[in-house]
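S.K.: Residue numbers (the UniProt record's numbering): 1 to 219. Here it is: the structure, laid out below.
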């Protein structure tokens, strides 16, 4: 099992995982954001030269996490399906095999902007799709990173990355968790997602994921 970094946030212990997810031990819940199943296929439909196998790789990583941690529930913070192309027979067959391998797992999708365009996963997959926010005390779980009037937010959508700069103009872009009192961000989980460079404010804690570890950035 890869190393994780345990943090305290709003009175809860959260494990930041190198594979761009959060495990919440008290809730036995795995949190991921921006999976974007079918994104590569939708680009190929536009005759763009993009890699194959990204959906299989994403689901395999999700399998590894679900099998490595004691998970009763998976909560997806939006953009599970990228576009309507994700409803192709082959893609749905892959999703069906994946879901059937985790029969007792509760899966909740908090709809994001791409989910609203792609449509909900088919009912037979047993994925509960709902609008944001999902209140799971003490947090409000959302896709869009907007404050909630009463609950601190865990969200996705931004695909945050941080740029490490070295000598001779060396640059390394790494997925980033941004933990803030009001709105915290998860990195994009999917294989083919890209990222948005962030600069953490003085009140936020930033953690980058690289290889098999997560580490804090100095303020």
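Even for Gly, the Cβ is constructed at its ideal location relative to N, Cα and C.
Would you call residue 164 buried or exposed, if buried means 16 or more other Cβ atoms sit within 10 Å of its Cβ?
M.R.: Counting Cβ neighbours within 10 Å, residue 164 comes out exposed, since fewer than 16 surround it.
S.K.: Have a look at 4, 15, 19 and 14 and flag the residue whose alpha-carbon is nearest the alpha-carbon of residue 191.
M.R.: Here the closest residue by C-alpha is 19.
S.K.: Give the straight-line distance between the Cα atoms of residue 32 and residue 206, rounded to the nearest whole angstrom.
M.R.: Answer to the nearest angstrom: the Cα atoms are 17 Å apart.
S.K.: What residues are listed by DSSP as bridge partners for residue 128?
M.R.: 108.
S.K.: Report the option in 24, 27 and 59 whose CA atom is closest to the CA atom of residue 34.
M.R.: The shortest C-alpha separation from residue 34 is found at 59.
S.K.: Measure from the alpha carbon of residue 29 to the alpha carbon of each residue in 116, 213 and 108, then state which is nearest.
M.R.: Nearest C-alpha to residue 29: 108.
S.K.: Are there 16 or more other CB atoms within 10 angstroms of the CB of residue 184, so buried, or fewer, so exposed?
M.R.: Residue 184 should be labelled buried.
S.K.: With distances taken from CA atoms, which of 104, 97, 146 and 110 is nearest residue 134?
M.R.: Answer by Cα proximity: 110.
S.K.: Quick one, which of 147, 151, 146 and 126 has its alpha-carbon nearest residue 138's?
M.R.: Closest option to residue 138, Cα to Cα, is 151.
S.K.: Within its chain, find whatever has a CB closer than 6 Å to the CB of residue 195; leave out the 5 residues flanking it on each side and keep chain order.
M.R.: Excluding residues within five positions, the ones whose Cβ falls inside 6 Å are 159 and 161.
S.K.: Thinking just about the alpha-carbon of each residue, which of 88, 148 and 73 is nearest to the one in residue 128?
M.R.: It is 73 whose Cα lies nearest to the Cα of residue 128.
S.K.: Which two residues bound the contiguous beta strand (DSSP E) that contains residue 206?
M.R.: Per DSSP, residue 206 belongs to the beta strand (DSSP E) from 205 to 210.
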